[in-house]
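Those protein sequences? They're chains A and B, same order as listed.
Note that my numbering has the first sequence beginning at 1, numbered continuously upward.
Note that my numbering has the second sequence beginning at 456, numbered continuously upward.
In what follows, a single structure is set out as structure tokens and then discussed.
There are 2 protein chains.
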Amino acid sequence: MAQKPCIPKGTRDFSPEEMAKRNYIFNTIKDVFLLYGFRQIETPAMENLSTLMGKYGEEGDKLLFKILNSGDYLKDIPDCELAEHDSVHLTSHICEKGLRYDLTVPFARFVVQHRNEIQFPFKRYQIQPVWRADRPQKGRYREFYQCDADIVGSDSLINEIELLTMIDEVFNRFGINVTIKVNNRKILSGIAETIGAADKIVDITVAIDKIDKIGIDNVNEELRSKGISDDAIATLQPLLQLNGSNSDKLATLKAMLATSEIGMKGLEEMTFIFDNLSRLDMKASVEVDVSLARGLNYYTGTIIEVKARDVEIGSISGGGRYDNLTGVFGLQGVSGVGISFGADRIYDVLNALNLYPAETSNGTKVIFINFGTTECNECMKHVMALRKAGIAAEIYPEAVKMKKQMSYADALHIPYVALVGETEVANHCISLKDMATGEQSTLSIEQLIDKLKNN
Amino acid sequence: MAQKPCIPKGTRDFSPEEMAKRNYIFNTIKDVFLLYGFRQIETPAMENLSTLMGKYGEEGDKLLFKILNSGDYLKDIPDCELAEHDSVHLTSHICEKGLRYDLTVPFARFVVQHRNEIQFPFKRYQIQPVWRADRPQKGRYREFYQCDADIVGSDSLINEIELLTMIDEVFNRFGINVTIKVNNRKILSGIAETIGAADKIVDITVAIDKIDKIGIDNVNEELRSKGISDDAIATLQPLLQLNGSNSDKLATLKAMLATSEIGMKGLEEMTFIFDNLSRLDMKASVEVDVSLARGLNYYTGTIIEVKARDVEIGSISGGGRYDNLTGVFGLQGVSGVGISFGADRIYDVLNALNLYPAETSNGTKVIFINFGTTECNECMKHVMALRKAGIAAEIYPEAVKMKKQMSYADALHIPYVALVGETEVANHCISLKDMATGEQSTLSIEQLIDKLKNN
């Protein structure tokens with residue numbers, strides 16, 4: 001009995017049409033990465049679990065796909081241990097490897113492992129799939145690509161400016177209008193310091209983020225319910241009503257954070273970045289947003305998030321600075337800053353806005369109809385000549401009914417069909433049909449090459 | 456205590472230099488695939504084990520990387536089953552997924568699963584990694600890429616001819632001299648039929664393959680030791696001494712296989728293919744080779760193998776026709792023929808023969824030295840202007856010693872270094888150093904763009 005085949009939930013097949021769109025996305029991002037001097041690396045899909053475990057929190061550890069050891073993996077496990085019936089404990093004995101969960105931890109491992117071969121500052125990009133045993137849902141997959149660019153070994157803010165202009169260029173090429181939100185972890189620390197509630201930063205950023213939806217009174221109430229004192233809430237008021245231009249916001253923050261050394265450091269960094277961006281010709285709107293707190297335990301300076309302005313969807317890109325990426329692997333003092341583009345969400349946005357260029361596929365330009373052995377010999381020579389000229393061409397492999405061959409050409413959106421029957425063989429010519437206009441013409445192979453080359 | 460990071464044995468990291476070479480290989484193959492009208496698909500890294508198991512023989516089942524089920528995977532396993540201490544049996548209860556072992560089985564699964572969306576004949580290509588828990592050794596990895604092109608849904612021999620000319624084009628672009636060996640499973644069946652020893656085909660092909668090394672007498676002795684009768688060995692003699700041109704070989708085979716219907720069918724197919732190839736302008740040497748038996752249980756018609764002529768290494772490409780690819784998944788009668796390029800071995804051959812083009816990397820063309828904040832503002836504008844013109848440019852992010860910045864440029868093989876100091880800022884110009892010649896010149900940004908665009 002034959003199996004009915006399917007793929008694991010949360011994973012996807014990609015058809016030629018989908019691949020053409022995906023390649024357009026990857027190639028666009030890759031082109032910009034190269035333009036900015038980033039250099040590609042790749043790391044294995046499998047990493048040692050000792051590399052991955054403990055890097056993504058307890059929840060992350062659970063979401064790692066773990067690979068069963070090869071061979072008789074139970075051989076050295078004592079019976080008593082099996083009898084415990086403890087999945088988590090057994091895993092540590094029967095699995096040594098896992099699939100990478102993101103590109104950042106493998107990159108940190110790469111930097112430490114190859115530190116003697118790397119020229120710092122190291123500007124690397126990496127476009128590879130990652131795997132997470134998350135519950136699959138709309139827009140969330142168990143296998144998806146990340147497109148990361150990071151600069152490590154330099155704490156210059158020029159790197160932040162470069163990344164922000166690079167984000168601008170990527171989305172400008174896609175034709176997607178975006179807002180780039182920028183925050184700084186040090187400003188958040190400064191706020192916490194100012195109000196004397198360092199452990200409440202997450203509550204505060206969540207509350208600030210709700211202002212537009214629920215209004216300031218409800219936000220204040222929520223802060224109170226989280227155990228933040230009335231004094232602290234009073235001090236927070238300018239922050240809750242932060243608006244106007246980026247300069248206005250930075251001025252308000254400056255007044256508020258005056259007594260916090262770390263807060264003022266963060267403000268200085270933000271100010272430097274916005275001053276510089278104002279001199280460069282940015283298409284995107286770039287906004288100071290103190291509610292931005294993504295990856296709070298991870299980032300130590302600038303925090304970046306990108307939202308599409310014309311589609312309701314989560315962030316389509318994000319990143320920031322981390323001061324101790326490689327510390328966990330024993331290499332201290334390597335500061336880095338990076339950005340990750342979410343290819344799957346960009347795919348959805350381009351679909352929603354119908355922004356794909358007309359010709360994302362570089363598919364076959366002309367197909368030769370197969371009329372049988374004699375004609376076919378002639379067609380094969382023509383096909384070879386076209387390919388030699390760099391023109392994608394094919395011949396229908398079977399001498400089946402013309403209608404079937406034409407509908408194949410039609411389904412694959414092949415723009416030209418070449419017909420070489422008895423007459424054409426005798427006259428050394430090709431009848432060409434333009435599938436868009438229906439127009440027919442008779443050409444020599446040289447004329448055909450000429451026509452399709454200039455097309 | 457920090458972990459000393461490493462990667463699982465048999466896997467590899469790829470540095471920017473290695474990625475540039477690998478991309479050259481993948482892009483060359485991909486360009487030719489497209490030129491021939493193949494269309495890309497991708498499938499998930501993980502497949503259900505029900506899809507993978509039993510497709511690669513008992514040994515293959517062992518070499519599959521299996522993925523532990525998520526969550527409390529022991530929950531529903533009775534104690535008595537754990538007490539059995541049986542790795543193989545337990546695996547079937549705690550793992551549902553595995554990493555793909557090749558691209559062929561996932562492709563077969565893809566064809567069956569999507570058969571209503573696919574336009575047949577389906578010419579697909581796929582370039583993705585595969586994973587095998589093989590013992591790692593020189594040139595054999597646990598993660599490696601396959602580059603496959605197949606045509607399914609057509610049993611026309613035109614497909615074979617297309618694949619053979621495509622192989623020729625790929626290796627011609629690489630500059631690798633190759634011999635393409637061609638055999639046909641039906642000829643092997645015919646030989647077995649003729650000598651009345653169908654179960655001895657493998658022994659026979661192995662023996663034929665040794666003629667050059669050990670001589671005909673030793674080969675005959677080996678055949679006798681394998682239990683092949685003296686009569687059969689006598690009948691095999693013309694085959695063992697098969698030489699001369701392809702036509703000579705085909706003529707000898709014709710005489711020998713005259714009584715075998717299947718043998719004559721195979722011969723007819725081979726003859727058709729070689730006749731057609733002789734009319735096309737092939738660079739590679741194409742040879743009839745009846746000792747070729749790769750994937751014997753798998754291929755049903757043409758068998759193809761490619762050897763590099765100037766390097767001692769295993770086959771660098773191979774493939775053939777399989778008449779029932781999708782039968783195991785319940786879709787009968789889909790014939791296919793395909794070819795797989797071994798990217799890792801091609802990498803080794805290109806390295807051994809030093810055949811990489813001088814410029815495989817499209818890296819940074821010019822780097823701006825960082826002299827400090829004021830100069831840097833000017834440089835950033837220049838860098839942006841260069842990128843706008845499509846020229847990869849960067850700025851050294853820190854105002855460190857000139858020597859350090861120059862050695863960075865040198866290590867990354869960046870061809871030009873731009874210096875914008877106080878004087879250049881005042882005069883709105885750029886001092887440019889050609890790193891190859893040491894030559895220095897002073898240019899406007901427009902002149903610099905012009906120079907690098909034409910470079």
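Here a beta-carbon is modelled for each residue, glycine too, at the ideal position from N, C-alpha and C.
Between the stretch 29-42 of chain A and chain B, which residues of the former have CB atoms less than 7 Å from a CB of the latter, in chain order? 34, 35, 36, 37, 39, 40, 41, 42
Return the first residue and the last residue of the beta strand (DSSP E) that residue 471/B is part of. In the second sequence, the residue the question calls residue 471/B occupies position 16. Looking at the DSSP string, residue 471/B is not in any beta strand (DSSP E); the run it does join, the alpha helix (DSSP H), is 471-490.
Cβ-Cβ separation, residue 468/B to residue 413/A (assumed contact under 8 Å), whole Å: As a first step, residue 413/A is located in the first sequence; it is residue number 413 there, counting from the start. As a first step, residue 468/B is located in the second sequence; it is residue number 13 there, counting from the start. Contact flag wrong, Cβ pair sits at about 40 Å.
Status (buried if at least 16 other CB within 10 Å, exposed otherwise) for residue 502/B: The sequence position of residue 502/B within the second sequence is 47, counting from 1. The residue is buried, with at least 16 neighbouring Cβ atoms inside 10 Å.
Range covered by the alpha helix (DSSP H) that runs through residue 388/A: Taking the first residue of the first sequence as position 1, residue 388/A is located at position 388. From DSSP, the alpha helix (DSSP H) with residue 388/A extends over 373-388.
Using alpha carbons as the reference points, say which of 873/B, 731/B, 796/B lies closest to residue 820/B. The residue you call residue 820/B lines up with position 365 of the second sequence. Nearest C-alpha to residue 820/B: 873/B.
Indicate whether the contact test is met: 3 or more Cβ pairs, each with one atom in the stretch 99-108 of chain A and one in the stretch 556-565 of chain B, closer than 8 Å. no
Spatial neighbours of residue 871/B in its chain, beta-carbon cut-off 8 Å, leaving aside the 5 residues before and after: Here residue 871/B corresponds to residue number 416 of the second sequence, with the count starting at 1. If we look at residue 871/B and ignore the five residues flanking it on each side, its Cβ neighbours are 820, 821, 822, 887, 888, 889, 890, 907.
By DSSP's criteria, residue 634/B is part of a beta bridge. Which residues make up the other side? For the purposes of this step, residue 634/B is taken as residue 179 along the second sequence, with counting starting at 1. BP columns for residue 634/B point to 740/B, 762/B.
Check whether residue 181/A and residue 283/A have beta carbons under 8 Å apart: What you label residue 181/A is simply residue 181 of the first sequence in a count that begins at 1. What you label residue 283/A is simply residue 283 of the first sequence in a count that begins at 1. Cβ distance not < 8 Å, so residue 181/A and residue 283/A don't count as in contact.
Reduced DSSP secondary structure (H/G/I, E/B, other) of residue 515/B: Stepping through the second sequence from its first residue, residue 515/B is reached at position 60. Residue 515/B falls in the helix class under three-state DSSP.
What do you reckon, are the CB atoms on residue 802/B and residue 476/B nearer than 8 Å? Sequence index remark: in the second sequence, residue 802/B carries index 347 (1-based). Sequence index remark: in the second sequence, residue 476/B carries index 21 (1-based). The answer is yes: Cβ separation under 8 Å.
At a cut of 8 Å, does the stretch 823-840 of chain B reach the stretch 849-867 of chain B through at least three beta carbon pairs? yes
From residue 657/B to residue 530/B, what does the alpha carbon distance come to, in whole angstroms? As a position in the second sequence, residue 657/B is number 202, starting the count at 1. As a position in the second sequence, residue 530/B is number 75, starting the count at 1. If you take the alpha carbons of residue 657/B and residue 530/B, they lie about 47 Å apart.
To the nearest angstrom, report how far apart residue 1/A and residue 109/A are at their CA atoms. As a first step, residue 1/A must be located in the first sequence, where it is residue number 1. As a first step, residue 109/A must be located in the first sequence, where it is residue number 109. With a pLDDT of only 41 at residue 1/A, under 50, the local geometry of the prediction cannot be trusted, and the value read off the model is given with reservation. Their Cα atoms are separated by approximately 47 Å.
Among residues of its own chain, excluding the 5 on either side of residue 409/A, which ones have a beta-carbon nearer than 6 Å to its beta-carbon? Residue 409/A sits at position 409 when you count from the first residue of the first sequence. Excluding positions up to five away in sequence, the list reads 367, 417.
Would residue 641/B and residue 717/B be called neighbours here (beta carbons separated by less than 8 Å)? Position 186 of the second sequence holds residue 641/B. Position 262 of the second sequence holds residue 717/B. Yes.
Beta-ladder partner(s) of residue 696/B, from DSSP: Residue 696/B sits at position 241 when you count from the first residue of the second sequence. According to DSSP, which records beta bridges pairwise, residue 696/B is partnered with nothing at all.
Taking only beta-carbon atoms, is residue 598/B less than 8 Å away from chain A? Indexing the second sequence from 1 puts residue 598/B at position 143. It does; some Cβ of chain A falls within 8 Å.
Report the option in 665/B, 680/B, 681/B whose CA atom is closest to the CA atom of residue 694/B. As a working note, residue 694/B is residue 239 in the second sequence. Closest by alpha carbon: 665/B.
Would you tell me roughly how many angstroms separate the C-alpha atoms of residue 754/B and residue 746/B, rounded to the nearest one? Locating residue 754/B in the second sequence gives position 299, counting from the first residue. Locating residue 746/B in the second sequence gives position 291, counting from the first residue. Cα to Cα, residue 754/B sits roughly 14 Å from residue 746/B.
Residue 175/A: which of 344/A, 357/A, 325/A sits nearest, CA to CA? Here residue 175/A is taken as the residue at index 175 of the first sequence, counted from 1. Residue 357/A is the option with its Cα nearest to residue 175/A.
Is residue 584/B helix, strand or coil by DSSP? Along the second sequence, read from residue 1 onward, the residue named residue 584/B stands at position 129. Correct three-state label for residue 584/B: strand.
Buried or exposed: residue 795/B, going by 16 or more other Cβ atoms within 10 Å of its Cβ? For the purposes of this step, residue 795/B is identified with residue 340 of the second sequence, where counting begins at 1. By the neighbour-count rule (16 or more Cβ atoms within 10 Å), residue 795/B is buried.
Does the ligand HEM have even one heavy atom less than 7 Å from the beta-carbon of residue 811/B? Among the ligands in the structure shown, none appear at all, so the ligand HEM cannot be discussed.
Ends of the beta strand (DSSP E) at residue 680/B? Within the second sequence, residue 680/B is the residue found at index 225, counting from 1. Element bounds for residue 680/B: not the beta strand (DSSP E) but the alpha helix (DSSP H), 666-680.
Report the rounded CA-to-CA distance for residue 455/A versus residue 449/A, giving the unit in angstroms. By 1-based counting over the first sequence, the position of residue 455/A is 455. By 1-based counting over the first sequence, the position of residue 449/A is 449. Answer to the nearest angstrom: the Cα atoms are 10 Å apart.
Measure the CB-CB distance between residue 772/B and residue 797/B and report whether it falls below 8 Å. Here residue 772/B is taken as the residue at index 317 of the second sequence, counted from 1. Here residue 797/B is taken as the residue at index 342 of the second sequence, counted from 1. Taking 8 Å as the Cβ cut-off, residue 772/B and residue 797/B qualify as a contacting pair.
How far does the beta strand (DSSP E) with residue 50/A in it reach, from first residue to last? Numbered from 1 along the first sequence, position 50 holds the residue referred to as residue 50/A. Residue 50/A -> not in any beta strand (DSSP E); alpha helix (DSSP H) instead, spanning 49-52.
Nearest-angstrom Cα separation, counted from residue 900/B out to residue 861/B: For the purposes of this step, residue 861/B is taken as the residue at position 406 of the second sequence. For the purposes of this step, residue 900/B is taken as the residue at position 445 of the second sequence. Near 21 Å, if we compare the C-alpha coordinates of residue 900/B and residue 861/B.
Within-8 Å CB hit, residue 168/A to chain B: Taking the first sequence and counting its residues from 1, one reaches residue 168/A at position 168. For residue 168/A, the answer is no, since every Cβ of chain B falls outside 8 Å of its Cβ.
In whole angstroms, what separates the C-alpha of residue 33/A from that of residue 285/A? Residue mapping note: residue 33/A aligns to position 33 of the first sequence, counting from 1. Residue mapping note: residue 285/A aligns to position 285 of the first sequence, counting from 1. Cα to Cα, residue 33/A sits roughly 21 Å from residue 285/A.
Using a C-beta cutoff of 8 Å, does residue 223/A count as contacting chain B? One-based indexing of the first sequence puts residue 223/A at position 223. False, the Cβ-Cβ gap to chain B never drops below 8 Å.
Run through DSSP, which three-state label would residue 611/B get? As a position in the second sequence, residue 611/B is number 156, starting the count at 1. Correct three-state label for residue 611/B: coil.
At which residues does the alpha helix (DSSP H) containing residue 534/B begin and terminate? Taking the second sequence and counting its residues from 1, one reaches residue 534/B at position 79. From DSSP, the alpha helix (DSSP H) with residue 534/B extends over 534-538.
With 8 Å as the limit, tell me which residues of the stretch 260-288 of chain A have their beta carbon closer than that to any beta carbon of chain B; keep them in chain order. 276, 279, 280, 281
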